[in-house]
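The sequence shown begins at 1 in UniProt numbering and counts up by one. All C-beta atoms, glycine included, are put in the ideal place defined by N, C-alpha and C. Single-structure report; data block below.
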Amino acid sequence: MREIEAVFREERGRLLAALVRRFGDLDLAEEVTSDAVEAALKHWPVEGVPPKPGAWLMTTARRKAVDRLRRDRALAARLAILQVEAERTAYAPPADAHDDLRDLPDERLRLFFTCAHPALPAEDRGALMLRCLAGLSTPEVARAYLVPVETMAKRIVRAKKKIREARIPFRVPGADELPERLPGVLQAIYSIFTEGYAASSGPALQRPDLAEEAIRLARILRRLLPAEREVAGLLALSLLVHARRDARTGPGGEPVLLDEQDRGRWDRTMIEEGAALVVVALSGGPPGVYGVQAAIAALHDEAADLATTDWPQVVALYDVLLALDPSPVVALNRAAAVAMRDGPEAGLALLEELAGEARLRGYHPYLAARADLLHRLGRRSEAAAAYRAALEAAGSEPERAHLRRRLAAAEEGR
(Lines of atoms letter the chains of each structure in order from A; the text may use other names.)
(Lines give C-alpha, C1' and ligand atoms only; values in the text may rest on other atoms or scores of the structure.)
Protein backbone atom coordinates (compact mmCIF):
# COMPACT_ATOMS: atom_id res chain seq x y z
CA MET A 1 0.00 0.00 0.00
CA ARG A 2 2.89 2.38 0.72
CA GLU A 3 4.17 1.81 -2.81
CA ILE A 4 0.77 2.73 -4.21
CA GLU A 5 0.56 5.86 -2.04
CA ALA A 6 4.02 6.90 -3.24
CA VAL A 7 2.91 6.53 -6.86
CA PHE A 8 -0.16 8.67 -6.21
CA ARG A 9 1.95 11.41 -4.61
CA GLU A 10 4.26 11.42 -7.60
CA GLU A 11 1.72 11.11 -10.39
CA ARG A 12 -1.50 12.83 -9.27
CA GLY A 13 -0.37 16.39 -9.89
CA ARG A 14 1.20 15.54 -13.23
CA LEU A 15 -1.93 13.70 -14.29
CA LEU A 16 -4.26 16.54 -13.34
CA ALA A 17 -2.14 19.17 -15.09
CA ALA A 18 -1.88 17.11 -18.28
CA LEU A 19 -5.63 16.52 -18.33
CA VAL A 20 -6.36 20.19 -17.84
CA ARG A 21 -4.16 21.01 -20.78
CA ARG A 22 -5.80 18.28 -22.87
CA PHE A 23 -9.46 19.08 -22.11
CA GLY A 24 -9.28 22.71 -20.94
CA ASP A 25 -11.60 22.17 -17.98
CA LEU A 26 -10.36 21.98 -14.40
CA ASP A 27 -13.50 20.41 -12.92
CA LEU A 28 -13.52 17.65 -15.53
CA ALA A 29 -9.81 17.02 -15.01
CA GLU A 30 -10.26 16.75 -11.24
CA GLU A 31 -13.24 14.43 -11.62
CA VAL A 32 -11.53 11.96 -13.95
CA THR A 33 -8.26 12.14 -11.97
CA SER A 34 -10.20 11.02 -8.89
CA ASP A 35 -11.91 8.30 -10.95
CA ALA A 36 -8.54 7.03 -12.19
CA VAL A 37 -7.10 6.96 -8.67
CA GLU A 38 -10.19 5.12 -7.45
CA ALA A 39 -9.77 2.55 -10.23
CA ALA A 40 -6.11 2.11 -9.31
CA LEU A 41 -7.01 1.50 -5.67
CA LYS A 42 -9.34 -1.25 -6.87
CA HIS A 43 -6.97 -2.96 -9.31
CA TRP A 44 -3.41 -2.38 -8.14
CA PRO A 45 -3.57 -4.13 -4.75
CA VAL A 46 -4.70 -7.27 -6.59
CA GLU A 47 -2.78 -7.01 -9.88
CA GLY A 48 0.24 -5.08 -8.66
CA VAL A 49 1.48 -1.62 -9.59
CA PRO A 50 1.96 -1.47 -13.38
CA PRO A 51 5.44 -0.84 -14.84
CA LYS A 52 4.33 2.62 -15.99
CA PRO A 53 1.80 3.75 -13.38
CA GLY A 54 1.57 7.27 -14.76
CA ALA A 55 0.66 5.98 -18.21
CA TRP A 56 -1.93 3.63 -16.65
CA LEU A 57 -3.53 6.50 -14.76
CA MET A 58 -3.50 8.75 -17.83
CA THR A 59 -5.10 6.12 -20.08
CA THR A 60 -7.78 5.39 -17.48
CA ALA A 61 -8.49 9.08 -16.86
CA ARG A 62 -8.76 9.87 -20.57
CA ARG A 63 -11.21 7.03 -21.06
CA LYS A 64 -13.27 8.34 -18.16
CA ALA A 65 -13.20 11.82 -19.67
CA VAL A 66 -14.33 10.56 -23.08
CA ASP A 67 -17.17 8.61 -21.44
CA ARG A 68 -18.24 11.72 -19.55
CA LEU A 69 -18.19 13.87 -22.69
CA ARG A 70 -20.27 11.30 -24.57
CA ARG A 71 -22.89 11.46 -21.83
CA ASP A 72 -22.81 15.26 -21.52
CA ARG A 73 -23.21 16.77 -24.97
CA ALA A 74 -23.44 20.33 -23.65
CA LEU A 75 -20.11 20.01 -21.84
CA ALA A 76 -18.50 18.48 -24.92
CA ALA A 77 -19.72 21.36 -27.10
CA ARG A 78 -18.48 23.98 -24.62
CA LEU A 79 -15.05 22.36 -24.38
CA ALA A 80 -14.81 22.20 -28.17
CA ILE A 81 -15.40 25.97 -28.35
CA LEU A 82 -12.82 26.57 -25.62
CA GLN A 83 -10.29 24.43 -27.47
CA VAL A 84 -10.74 26.42 -30.67
CA GLU A 85 -10.38 29.72 -28.81
CA ALA A 86 -7.31 28.48 -26.95
CA GLU A 87 -5.64 27.55 -30.22
CA ARG A 88 -6.58 30.93 -31.73
CA THR A 89 -5.11 32.90 -28.80
CA ALA A 90 -2.12 30.66 -28.17
CA TYR A 91 0.99 32.67 -27.36
CA ALA A 92 3.41 33.09 -30.25
CA PRO A 93 6.60 34.76 -28.98
CA PRO A 94 8.32 37.48 -30.94
CA ALA A 95 11.58 36.65 -32.65
CA ASP A 96 13.67 38.07 -29.84
CA ALA A 97 11.83 36.22 -27.06
CA HIS A 98 13.30 33.26 -25.22
CA ASP A 99 11.82 30.21 -26.93
CA ASP A 100 12.31 28.00 -23.87
CA LEU A 101 9.63 29.97 -21.98
CA ARG A 102 7.07 28.06 -24.03
CA ASP A 103 8.76 24.71 -23.45
CA LEU A 104 8.26 24.15 -19.75
CA PRO A 105 9.41 20.63 -18.83
CA ASP A 106 6.64 20.05 -16.30
CA GLU A 107 2.90 20.31 -17.01
CA ARG A 108 2.26 21.19 -13.36
CA LEU A 109 4.31 24.33 -13.67
CA ARG A 110 2.32 25.25 -16.79
CA LEU A 111 -0.83 24.98 -14.70
CA PHE A 112 0.78 27.03 -11.91
CA PHE A 113 1.09 29.92 -14.36
CA THR A 114 -2.48 29.44 -15.50
CA CYS A 115 -3.80 29.56 -11.96
CA ALA A 116 -1.74 32.71 -11.33
CA HIS A 117 -3.61 34.57 -14.06
CA PRO A 118 -4.18 38.24 -13.12
CA ALA A 119 -7.90 37.86 -13.80
CA LEU A 120 -8.10 35.84 -10.58
CA PRO A 121 -8.06 37.57 -7.18
CA ALA A 122 -4.64 37.19 -5.55
CA GLU A 123 -5.97 35.19 -2.60
CA ASP A 124 -7.72 32.75 -4.96
CA ARG A 125 -4.65 31.98 -7.08
CA GLY A 126 -2.54 30.35 -4.41
CA ALA A 127 -5.50 28.52 -2.91
CA LEU A 128 -6.37 26.95 -6.26
CA MET A 129 -2.76 25.98 -6.91
CA LEU A 130 -2.38 24.31 -3.54
CA ARG A 131 -5.62 22.40 -3.89
CA CYS A 132 -5.17 21.24 -7.46
CA LEU A 133 -1.42 20.96 -7.95
CA ALA A 134 -0.04 20.18 -4.51
CA GLY A 135 -2.94 17.93 -3.58
CA LEU A 136 -3.58 19.64 -0.24
CA SER A 137 -7.01 19.16 1.24
CA THR A 138 -9.29 22.16 1.60
CA PRO A 139 -8.75 22.30 5.42
CA GLU A 140 -4.97 22.27 4.89
CA VAL A 141 -5.21 25.11 2.38
CA ALA A 142 -7.45 27.01 4.81
CA ARG A 143 -4.85 26.69 7.55
CA ALA A 144 -2.12 27.87 5.20
CA TYR A 145 -4.12 31.06 4.56
CA LEU A 146 -5.43 31.45 8.13
CA VAL A 147 -9.10 31.42 7.09
CA PRO A 148 -12.07 29.16 8.00
CA VAL A 149 -12.52 25.97 5.97
CA GLU A 150 -15.91 27.13 4.63
CA THR A 151 -14.37 30.35 3.38
CA MET A 152 -11.61 28.47 1.60
CA ALA A 153 -14.00 26.00 -0.02
CA LYS A 154 -16.00 28.90 -1.48
CA ARG A 155 -12.79 30.59 -2.63
CA ILE A 156 -11.64 27.50 -4.55
CA VAL A 157 -15.04 27.06 -6.21
CA ARG A 158 -15.04 30.76 -7.11
CA ALA A 159 -11.60 30.51 -8.70
CA LYS A 160 -12.60 27.53 -10.84
CA LYS A 161 -15.76 29.30 -11.92
CA LYS A 162 -13.77 32.39 -12.89
CA ILE A 163 -11.36 30.34 -15.01
CA ARG A 164 -14.28 28.68 -16.75
CA GLU A 165 -16.43 31.76 -17.31
CA ALA A 166 -13.57 34.09 -18.24
CA ARG A 167 -12.21 31.39 -20.54
CA ILE A 168 -8.71 31.79 -19.15
CA PRO A 169 -6.43 29.74 -21.42
CA PHE A 170 -4.23 27.00 -20.02
CA ARG A 171 -0.93 28.14 -21.47
CA VAL A 172 2.49 29.42 -20.53
CA PRO A 173 2.61 33.23 -20.27
CA GLY A 174 4.62 35.29 -22.68
CA ALA A 175 7.87 36.90 -21.58
CA ASP A 176 6.18 40.28 -21.21
CA GLU A 177 3.62 38.80 -18.80
CA LEU A 178 6.09 37.08 -16.48
CA PRO A 179 6.78 40.03 -14.12
CA GLU A 180 3.07 40.22 -13.31
CA ARG A 181 2.48 36.49 -13.14
CA LEU A 182 5.62 35.25 -11.39
CA PRO A 183 4.87 36.50 -7.83
CA GLY A 184 1.71 34.40 -7.67
CA VAL A 185 3.62 31.28 -8.71
CA LEU A 186 6.36 31.95 -6.15
CA GLN A 187 3.80 32.43 -3.39
CA ALA A 188 2.09 29.17 -4.26
CA ILE A 189 5.35 27.22 -4.24
CA TYR A 190 6.32 28.83 -0.94
CA SER A 191 2.94 27.92 0.57
CA ILE A 192 3.52 24.31 -0.41
CA PHE A 193 6.94 24.43 1.22
CA THR A 194 5.63 25.91 4.47
CA GLU A 195 2.99 23.18 4.70
CA GLY A 196 5.79 20.64 4.28
CA TYR A 197 7.98 22.41 6.83
CA ALA A 198 5.25 22.52 9.50
CA ALA A 199 2.19 20.42 8.71
CA SER A 200 -1.05 22.19 9.55
CA SER A 201 -2.66 18.95 10.72
CA GLY A 202 -2.03 15.24 11.14
CA PRO A 203 0.29 12.98 13.13
CA ALA A 204 3.64 14.33 11.84
CA LEU A 205 5.32 17.67 12.39
CA GLN A 206 6.78 17.72 8.88
CA ARG A 207 5.63 16.59 5.45
CA PRO A 208 8.95 16.11 3.63
CA ASP A 209 7.21 15.08 0.43
CA LEU A 210 5.59 18.49 0.13
CA ALA A 211 8.77 20.36 1.05
CA GLU A 212 10.77 18.41 -1.50
CA GLU A 213 8.08 18.95 -4.15
CA ALA A 214 8.28 22.69 -3.56
CA ILE A 215 12.07 22.59 -3.85
CA ARG A 216 11.80 20.58 -7.07
CA LEU A 217 9.39 23.10 -8.58
CA ALA A 218 11.61 25.96 -7.46
CA ARG A 219 14.59 24.30 -9.17
CA ILE A 220 12.64 23.97 -12.41
CA LEU A 221 11.65 27.62 -12.27
CA ARG A 222 15.24 28.61 -11.48
CA ARG A 223 16.49 26.77 -14.58
CA LEU A 224 13.85 28.43 -16.73
CA LEU A 225 14.25 31.93 -15.30
CA PRO A 226 17.90 32.23 -14.22
CA ALA A 227 17.80 36.05 -14.32
CA GLU A 228 14.92 36.29 -11.82
CA ARG A 229 16.58 36.97 -8.46
CA GLU A 230 13.46 36.23 -6.42
CA VAL A 231 13.33 32.73 -7.91
CA ALA A 232 16.88 32.25 -6.61
CA GLY A 233 15.74 33.68 -3.27
CA LEU A 234 12.83 31.26 -2.98
CA LEU A 235 15.04 28.28 -3.78
CA ALA A 236 17.69 29.51 -1.33
CA LEU A 237 15.14 29.97 1.46
CA SER A 238 13.67 26.51 0.91
CA LEU A 239 17.08 24.82 0.91
CA LEU A 240 18.37 26.66 3.98
CA VAL A 241 15.29 25.78 6.01
CA HIS A 242 14.89 22.23 4.73
CA ALA A 243 18.57 21.57 5.58
CA ARG A 244 17.50 21.34 9.27
CA ARG A 245 14.78 18.73 8.70
CA ASP A 246 16.55 15.75 10.33
CA ALA A 247 17.27 17.69 13.52
CA ARG A 248 13.81 19.23 13.91
CA THR A 249 12.16 16.15 15.41
CA GLY A 250 13.13 13.76 18.18
CA PRO A 251 12.95 9.94 18.18
CA GLY A 252 9.22 10.03 18.86
CA GLY A 253 8.47 12.69 16.28
CA GLU A 254 8.30 15.46 18.87
CA PRO A 255 9.46 18.97 17.85
CA VAL A 256 13.04 19.95 18.70
CA LEU A 257 13.42 23.72 18.97
CA LEU A 258 16.22 25.59 17.24
CA ASP A 259 18.27 26.08 20.42
CA GLU A 260 18.15 22.34 21.17
CA GLN A 261 18.85 20.96 17.70
CA ASP A 262 21.97 18.94 16.94
CA ARG A 263 23.46 21.16 14.27
CA GLY A 264 25.75 18.37 13.21
CA ARG A 265 22.67 16.75 11.65
CA TRP A 266 21.99 19.73 9.43
CA ASP A 267 22.60 19.15 5.72
CA ARG A 268 25.75 21.19 5.04
CA THR A 269 25.66 20.57 1.30
CA MET A 270 22.18 22.01 1.13
CA ILE A 271 23.24 24.97 3.30
CA GLU A 272 26.20 25.73 1.03
CA GLU A 273 23.96 25.69 -2.04
CA GLY A 274 21.41 27.91 -0.33
CA ALA A 275 24.02 30.39 0.90
CA ALA A 276 25.43 30.75 -2.63
CA LEU A 277 21.93 31.45 -3.95
CA VAL A 278 21.43 34.15 -1.29
CA VAL A 279 24.29 36.08 -2.87
CA VAL A 280 22.59 35.80 -6.26
CA ALA A 281 19.23 36.86 -4.83
CA LEU A 282 20.60 39.97 -3.13
CA SER A 283 22.90 41.13 -5.95
CA GLY A 284 22.10 43.40 -8.86
CA GLY A 285 19.06 45.26 -7.61
CA PRO A 286 16.70 45.98 -4.71
CA PRO A 287 16.10 43.02 -2.36
CA GLY A 288 12.95 40.95 -2.58
CA VAL A 289 10.98 39.22 0.16
CA TYR A 290 12.36 35.76 -0.56
CA GLY A 291 15.95 36.94 -0.81
CA VAL A 292 15.70 38.71 2.56
CA GLN A 293 14.08 35.71 4.24
CA ALA A 294 16.81 33.50 2.78
CA ALA A 295 19.45 35.83 4.24
CA ILE A 296 17.83 35.47 7.68
CA ALA A 297 17.79 31.67 7.32
CA ALA A 298 21.47 31.74 6.31
CA LEU A 299 22.39 33.63 9.50
CA HIS A 300 20.71 30.92 11.55
CA ASP A 301 22.40 28.13 9.59
CA GLU A 302 25.85 29.68 9.81
CA ALA A 303 25.75 30.25 13.61
CA ALA A 304 27.37 27.70 15.93
CA ASP A 305 24.44 27.95 18.36
CA LEU A 306 21.53 30.18 19.31
CA ALA A 307 23.64 32.41 21.58
CA THR A 308 26.18 33.26 18.88
CA THR A 309 23.58 34.04 16.22
CA ASP A 310 23.95 37.59 14.91
CA TRP A 311 20.64 38.79 16.36
CA PRO A 312 21.20 42.50 15.57
CA GLN A 313 21.64 41.57 11.90
CA VAL A 314 18.60 39.29 12.03
CA VAL A 315 16.48 42.15 13.41
CA ALA A 316 17.88 44.52 10.79
CA LEU A 317 16.88 42.10 8.04
CA TYR A 318 13.41 41.78 9.54
CA ASP A 319 13.17 45.58 9.39
CA VAL A 320 13.88 45.37 5.66
CA LEU A 321 11.40 42.52 5.25
CA LEU A 322 8.70 44.38 7.17
CA ALA A 323 9.09 47.33 4.80
CA LEU A 324 8.67 44.99 1.82
CA ASP A 325 5.87 42.93 3.38
CA PRO A 326 4.15 44.76 6.27
CA SER A 327 2.19 41.71 7.41
CA PRO A 328 1.40 40.67 11.00
CA VAL A 329 3.23 37.35 10.52
CA VAL A 330 6.46 39.18 9.59
CA ALA A 331 5.92 41.49 12.59
CA LEU A 332 5.51 38.41 14.81
CA ASN A 333 8.80 36.93 13.60
CA ARG A 334 10.55 40.26 14.08
CA ALA A 335 9.24 40.45 17.66
CA ALA A 336 10.70 37.01 18.39
CA ALA A 337 14.07 38.18 17.05
CA VAL A 338 13.90 41.36 19.15
CA ALA A 339 13.26 39.16 22.20
CA MET A 340 16.53 37.35 21.49
CA ARG A 341 18.42 40.62 20.97
CA ASP A 342 16.91 42.79 23.71
CA GLY A 343 15.25 40.34 26.09
CA PRO A 344 11.78 38.81 26.55
CA GLU A 345 10.15 41.97 27.87
CA ALA A 346 10.97 43.92 24.70
CA GLY A 347 9.70 41.09 22.53
CA LEU A 348 6.50 40.71 24.56
CA ALA A 349 5.74 44.42 24.22
CA LEU A 350 5.84 44.06 20.44
CA LEU A 351 3.62 40.98 20.56
CA GLU A 352 1.06 42.81 22.66
CA GLU A 353 0.91 45.52 19.98
CA LEU A 354 -0.15 42.80 17.53
CA ALA A 355 -2.94 41.43 19.75
CA GLY A 356 -5.65 43.16 17.73
CA GLU A 357 -4.56 41.75 14.36
CA ALA A 358 -7.38 39.67 12.93
CA ARG A 359 -4.99 37.34 11.06
CA LEU A 360 -3.22 36.41 14.29
CA ARG A 361 -6.42 35.60 16.17
CA GLY A 362 -6.27 31.85 16.67
CA TYR A 363 -2.83 31.65 15.00
CA HIS A 364 -1.02 29.21 17.25
CA PRO A 365 2.58 30.39 16.54
CA TYR A 366 1.62 33.83 17.85
CA LEU A 367 -0.09 32.38 20.91
CA ALA A 368 2.84 30.02 21.60
CA ALA A 369 5.43 32.80 21.18
CA ARG A 370 3.54 34.98 23.64
CA ALA A 371 3.29 32.08 26.10
CA ASP A 372 7.02 31.39 25.86
CA LEU A 373 7.94 35.00 26.58
CA LEU A 374 5.55 35.16 29.53
CA HIS A 375 7.11 31.96 30.85
CA ARG A 376 10.63 33.38 30.49
CA LEU A 377 9.50 36.45 32.47
CA GLY A 378 8.21 34.24 35.29
CA ARG A 379 4.56 35.18 34.73
CA ARG A 380 3.51 31.56 35.04
CA SER A 381 -0.27 31.86 35.37
CA GLU A 382 -0.47 34.11 32.31
CA ALA A 383 1.89 31.78 30.46
CA ALA A 384 -0.28 28.77 31.30
CA ALA A 385 -3.39 30.54 29.98
CA ALA A 386 -1.54 31.46 26.79
CA TYR A 387 -0.30 27.87 26.35
CA ARG A 388 -3.87 26.62 26.69
CA ALA A 389 -4.99 29.01 23.96
CA ALA A 390 -2.10 27.89 21.72
CA LEU A 391 -2.92 24.24 22.41
CA GLU A 392 -6.50 24.78 21.32
CA ALA A 393 -5.38 26.38 18.05
CA ALA A 394 -2.52 23.99 17.15
CA GLY A 395 -3.12 21.61 14.26
CA SER A 396 -0.58 18.78 14.22
CA GLU A 397 -0.31 16.29 17.05
CA PRO A 398 3.46 16.79 17.63
CA GLU A 399 2.88 20.53 18.13
CA ARG A 400 0.04 19.80 20.52
CA ALA A 401 2.20 17.37 22.50
CA HIS A 402 4.97 19.97 22.73
CA LEU A 403 2.53 22.62 23.97
CA ARG A 404 1.13 20.22 26.56
CA ARG A 405 4.65 19.76 27.94
CA ARG A 406 5.21 23.52 28.02
CA LEU A 407 1.87 24.00 29.74
CA ALA A 408 2.77 21.43 32.39
CA ALA A 409 6.10 23.17 33.00
CA ALA A 410 4.37 26.54 33.44
CA GLU A 411 1.80 25.10 35.81
CA GLU A 412 4.47 23.37 37.89
CA GLY A 413 6.72 26.44 38.01
CA ARG A 414 9.55 24.86 36.04
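Between the CA atoms of A55 and L257 - distance to the nearest angstrom: In the sequence shown, counting from the first residue as 1, residue 257 sits at position 257. In the sequence shown, counting from the first residue as 1, residue 55 sits at position 55. When rounded, the distance between both Cα atoms is 43 Å.
Return yes when the Cβ of P53 is within less than 8 Å of the Cβ of E11, no when it is not. Numbered from 1 along the sequence shown, position 11 holds the residue referred to as residue 11. Numbered from 1 along the sequence shown, position 53 holds the residue referred to as residue 53. Yes, the pair counts as a contact, with Cβ atoms nearer than the cut-off.
Please identify the residue among V231, A323 and E5 whose C-alpha is closest to the C-alpha of V280. Residue mapping note: residue 280 aligns to position 280 of the sequence shown, counting from 1. Out of V231, A323 and E5, V231 has the C-alpha closest to the C-alpha of V280.
Check the DSSP bridge columns for S396 and list the partner residues they point to. Here residue 396 is taken as the residue at index 396 of the sequence shown, counted from 1. Answer is G202.
How about the region 316-331 and the region 266-276: do they share at least three Cβ pairs that are nearer than 8 Å? no
Thinking C-alpha only, which one of L407, E411, A410 and R400 is nearest P203? Locating residue 203 in the sequence shown gives position 203, where the first residue counts as 1. Ranking L407, E411, A410 and R400 by Cα distance to P203 puts R400 first.
How many Å lie between L351 and A214 at the Cα? Start at 1 with the first residue of the sequence shown, and residue 351 comes out as number 351. Start at 1 with the first residue of the sequence shown, and residue 214 comes out as number 214. Answer to the nearest angstrom: the Cα atoms are 31 Å apart.
Would DSSP call P121 helix, strand or coil? In the sequence shown, counting from the first residue as 1, residue 121 sits at position 121. Three-state result, P121: coil.
In chain order, what residues of the same chain have a beta carbon less than 7 Å from the beta carbon of A236, not counting five sequence neighbours either side? Position 236 of the sequence shown holds residue 236. For A236, where only same-chain residues beyond five positions count, the Cβ hits under 7 Å are G274, L277, V278, A281 and A294.
CA-CA distance, L16 and V66? For the purposes of this step, residue 16 is identified with residue 16 of the sequence shown, where counting begins at 1. For the purposes of this step, residue 66 is identified with residue 66 of the sequence shown, where counting begins at 1. Cα to Cα, L16 sits roughly 15 Å from V66.
Mapping DSSP to helix, strand and coil, what is T309? By 1-based counting over the sequence shown, the position of residue 309 is 309. Here T309 sits in coil by DSSP.
In terms of alpha-carbon separation, which member of R268, L120 and H300 lies closest to G184? In the sequence shown, residue 184 corresponds to position 184, counting from 1. Ranking the options by Cα distance to G184, first place goes to L120.
Kindly list the residues whose CB is nearer than 8 Å to the CB of P148, restricted to its own chain and excluding five residues on each side of it in sequence; keep chain order. In the sequence shown, residue 148 corresponds to position 148, counting from 1. Correct list, in chain order: A142.
Report the CB separation of G356 from A393 in whole angstroms; it is logged as a contact under 8 Å. Along the sequence shown, read from residue 1 onward, the residue named residue 356 stands at position 356. Along the sequence shown, read from residue 1 onward, the residue named residue 393 stands at position 393. So it is not a contact: roughly 17 Å between Cβ atoms.
So what's P53 in DSSP terms, helix, strand or just coil? On the sequence shown, position 53 is the one that residue 53 refers to. Correct three-state label for P53: helix.
Tell whether a beta-carbon distance below 8 Å holds between V37 and K64. Here residue 37 refers to the residue found at position 37 of the sequence shown. Here residue 64 refers to the residue found at position 64 of the sequence shown. Going by C-beta atoms, V37 is not nearer than 8 Å to K64.
Three-way DSSP call (helix, strand, coil) for P169 in this model: As a first step, residue 169 must be located in the sequence shown, where it is residue number 169. Three-state result, P169: coil.
Classify A134 as buried or exposed, calling it buried when 16 or more other Cβ atoms lie within 10 Å of its own Cβ. The residue labelled residue 134 in the question sits at position 134 within the sequence shown. It is buried - the Cβ of A134 has at least 16 other Cβ atoms within 10 Å.
Helix, strand or coil for P255, going by three-state DSSP, please let me know. Sequence index remark: in the sequence shown, residue 255 carries index 255 (1-based). It is a strand residue.
For E195, count neighbouring Cβ atoms within 10 angstroms of its own Cβ and tell me buried if that reaches 16, exposed if not. As a first step, residue 195 is located in the sequence shown; it is residue number 195 there, counting from the start. So E195 counts as buried.
I want to know whether the region 282-292 touches the region 218-234 - three or more CB-CB distances under 8 Å. yes
Taking the alpha-carbon positions, what's the I220 to G252 distance? As a first step, residue 220 must be located in the sequence shown, where it is residue number 220. As a first step, residue 252 must be located in the sequence shown, where it is residue number 252. Their Cα atoms are separated by approximately 34 Å.
Using only CA atoms, which one of D319, L324 and A323 lies nearest to A336? Here the question's residue 336 lines up with position 336 in the sequence shown. Minimum Cα distance to A336 is reached at D319.
Beta-carbon proximity list for R265, same chain, < 7 Å, skipping 5 on both sides: As a first step, residue 265 must be located in the sequence shown, where it is residue number 265. Excluding residues within five positions, the ones whose Cβ falls inside 7 Å are D246 and A247.
Enumerate in chain order the residues of its own chain whose CB-to-CB distance from I4 is below 8 Å, with the five nearest sequence positions on each side excluded. Position 4 of the sequence shown, counting from 1, holds the residue named residue 4. These residues qualify, in order along the chain: A40, L41, W44, P45 and V49.
I need the DSSP call for L407, collapsed to helix, strand or coil. Within the sequence shown, the letter at position 407 stands for residue 407. L407: helix per DSSP, three-state reduction.
Who are the near neighbours of I168 in its chain, counting only those whose CB is closer than 8 Å to its CB and skipping five residues on each side? As a working note, residue 168 is residue 168 in the sequence shown. Contacts found: T114, H117, A119, L120 and K162.
E382 versus L374 - alpha carbon distance: The residue labelled residue 382 in the question sits at position 382 within the sequence shown. The residue labelled residue 374 in the question sits at position 374 within the sequence shown. E382 and L374: Cα-Cα distance of roughly 7 Å.
Here's the rule I'm using: 16 or more other beta-carbon atoms within 10 Å means buried, otherwise exposed. How should D301 be labelled? Residue numbering aside, residue 301 sits at position 301 when the sequence shown is read from its first letter. Flag for D301 reads buried.
Which term fits G288, buried or exposed, when burial requires 16 or more other beta carbons within 10 angstroms of its beta carbon? Numbered from 1 along the sequence shown, position 288 holds the residue referred to as residue 288. Looking at its Cβ environment, which holds 16 or more other Cβ atoms inside 10 Å, G288 is buried.
May I ask which residues mark the beginning and end of the alpha helix (DSSP H) holding S191? Taking the sequence shown and counting its residues from 1, the one referred to as residue 191 is at position 191. Note, S191: alpha helix (DSSP H), L178 to Y197.
Relative to the C-alpha of L371, which residue among R359, F112 and A389 is closest? Your numbering for residue 371 matches position 371 in the sequence shown. Note on identity: in this sequence residue 371 is Ala, with Leu being the wrong assignment. Closest option to A371, Cα to Cα, is A389.
Let me check understanding here. Comparing Cα to Cα, which of L354, A346 and W311 lies closest to P326? Position 326 of the sequence shown, counting from 1, holds the residue named residue 326. P326 has its Cα closest to that of L354, out of L354, A346 and W311.
Does A160 pass the burial test, meaning 16 or more other C-beta atoms within 10 Å, or should it be called exposed? What you label residue 160 is simply residue 160 of the sequence shown in a count that begins at 1. Correcting the residue identity first, residue 160 is Lys in this sequence and not Ala. The residue in question, K160, is buried, as its Cβ has 16 or more Cβ neighbours within 10 Å.
Buried versus exposed, by CB contacts within 10 Å (16 or more), G413: As a position in the sequence shown, residue 413 is number 413, starting the count at 1. By the neighbour-count rule (16 or more Cβ atoms within 10 Å), G413 is not buried but exposed.
Alpha helix (DSSP H) segment containing R379, residue limits: Your numbering for residue 379 matches position 379 in the sequence shown. Element bounds for R379: n/a, residue is neither H nor E.
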